[in-house]
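Undergrad: My questions will all concern the structure given below.
Protein chains: 2
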Amino acid sequence: MSRVNTPQRFINLRQAGSLPDGAIELIARRFAVLSEPARLRLVHALFDAEKSVNALAEETGSSQPNTSRHLQALASVGVVSRRREGPQSLYSICDPSIYKLCDLVCGSIEKQLARQVGVFNPDVRLGAQPRRP
Amino acid sequence: MSRVNTPQRFINLRQAGSLPDGAIELIARRFAVLSEPARLRLVHALFDAEKSVNALAEETGSSQPNTSRHLQALASVGVVSRRREGPQSLYSICDPSIYKLCDLVCGSIEKQLARQVGVFNPDVRLGAQPRRP
DNA sequence: GACTAATATGCGTACATGAGCATATGTGTA
DNA sequence: TACACATATGCTCATGTACGCATATTAGTC
Numbered sequence: 348m349s350r351v352n353t354p355q356r357f358i359n360l361r362q363a364g365s366l367p368d369g370a371i372e373l374i375a376r377r378f379a380v381l382s383e384p385a386r387l388r389l390v391h392a393l394f395d396a397e398k399s400v401n402a403l404a405e406e407t408g409s410s411q412p413n414t415s416r417h418l419q420a421l422a423s424v425g426v427v428s429r430r431r432e433g434p435q436s437l438y439s440i441c442d443p444s445i446y447k448l449c450d451l452v453c454g455s456i457e458k459q460l461a462r463q464v465g466v467f468n469p470d471v472r473l474g475a476q477p478r479r480p
Numbered sequence: 348m349s350r351v352n353t354p355q356r357f358i359n360l361r362q363a364g365s366l367p368d369g370a371i372e373l374i375a376r377r378f379a380v381l382s383e384p385a386r387l388r389l390v391h392a393l394f395d396a397e398k399s400v401n402a403l404a405e406e407t408g409s410s411q412p413n414t415s416r417h418l419q420a421l422a423s424v425g426v427v428s429r430r431r432e433g434p435q436s437l438y439s440i441c442d443p444s445i446y447k448l449c450d451l452v453c454g455s456i457e458k459q460l461a462r463q464v465g466v467f468n469p470d471v472r473l474g475a476q477p478r479r480p
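Written out as structure tokens, the structure is:
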């Protein structure tokens, strides 16, 4: 085994210190790639299956060049990966944490919206609290 | 109880469909706010305690006006909240999901780095796999 | 090699946004 | 009211980047 076997994190935004040089920039870059609607649509479209650039362009309503570039951006941070099959490039999700990430953010936004709606109509809840039905 | 009591999500990037108008933009906005190193440093600094604008400016090495603006951006998406106490504004984390979010992203980045390092030196692992030591 | 389909890339433009500076606003005190 | 401290906000400039367009590159087929 290796000399390092503790499950401790080197990069940990939650802990004081624990932030090597450039770590913040890495994290920021990851979020930045996910901060574009066009790229989120691609991620959304890729959740069910591996797809080609043209298929994704059509499904997301974006141009082929833009789709290609956005996919490269997603690949540059390891969210998706590329596989050549004949003349086409097939992209697929390769970072499993993206699923939880999206769930977290979507859940958080729903809770927030539910709170805002609740201010006007306390009877309406968007079903954002999955605990104790 | 309300008429809506199923724990199902209205906004769910993982599920086909399930994306109301503007949902993608909401999610993108959330990520965008987290995609700035200066703001991540603020979040990092706020994890241990509620702090004032000046204290945060000093701790993160940013100017007072910029710190104020960044805090407003974080507040605009509900990550932090503001509380007045005398002449100063005290900011604090108000979205608990941000903790898990940071853990997820940091963990994902570490795994990725470990994989990259492993290519050159297969003996080194950054301890990013907490399961089965 | 010539041709076609799929994908990637170079380039110019438009737009969003972060930083610095000065200054306005707000809050408590004498 | 005058003052001091803390915070928020116009304003301008510089930079990053998404888009559209044209075109280069790659892979397969004849």
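Quick note, the sequences are listed as chains A and B, same order. Going by our numbering, the first sequence wraps up at 480, each residue one higher than the last. Going by our numbering, the second sequence wraps up at 480, each residue one higher than the last. We put the CB at the ideal spot given by N, CA and C, even for glycine.
With DSSP collapsed to three states, give me the class of R361(B).
TA: Three-state result, R361(B): coil.
Undergrad: Counting only runs that start and end within the region 415 to 457 of chain B, where is the alpha helix (DSSP H) found for 4 or more residues in a row?
TA: Here no run is fully enclosed.
Undergrad: Can you tell me whether R462(A) is buried or exposed? The criterion is at least 16 other CB atoms within 10 Å of its CB, across all chains shown.
TA: Flag for R462(A) reads exposed.
Undergrad: Just checking: is the beta-carbon of D450(B) within a distance shorter than 9 Å of some beta-carbon in chain A?
TA: Answer yes: the Cβ-Cβ gap between D450(B) and chain A drops below 9 Å somewhere.
Undergrad: Using CA coordinates, which residue listed in I358(A), N359(A), I371(A), F378(A) is at the minimum distance from V426(A)?
TA: For V426(A), the nearest C-alpha among the options comes from F378(A).
Undergrad: May I ask which residues mark the beginning and end of the alpha helix (DSSP H) holding P367(A)?
TA: Premise fails: P367(A) is in no alpha helix (DSSP H) and is neither H nor E.
Undergrad: Please state if the CB of R376(A) and the CB of S382(B) are separated by a distance shorter than 9 Å.
TA: Contact: yes.
Undergrad: Closer than 7 Å by C-beta to E406(B): which residues in its own chain qualify, once you throw out the five before and the five after it? Chain order, please.
TA: Within the same chain, E406(B) has close Cβ partners A392.
Undergrad: Rounded to whole angstroms, what is the Cα-Cα separation between R356(B) and K398(B)?
TA: Those two C-alpha atoms are separated by around 34 Å.
Undergrad: Which residues in the same chain as S436(A) place their Cβ atom closer than 6 Å to its Cβ, once the five residues preceding and following it in sequence are excluded?
TA: Here the set comprises V400, R429.
Undergrad: Any beta carbon of chain B sitting closer than 9 Å to that of H391(A)?
TA: Closer than 9 Å: yes.
Undergrad: Closer than 7 Å by beta-carbon distance: list the chain A residues that pair up with R377(B), in chain order.
TA: Those within 7 Å of R377(B) in chain A are V452, I456.
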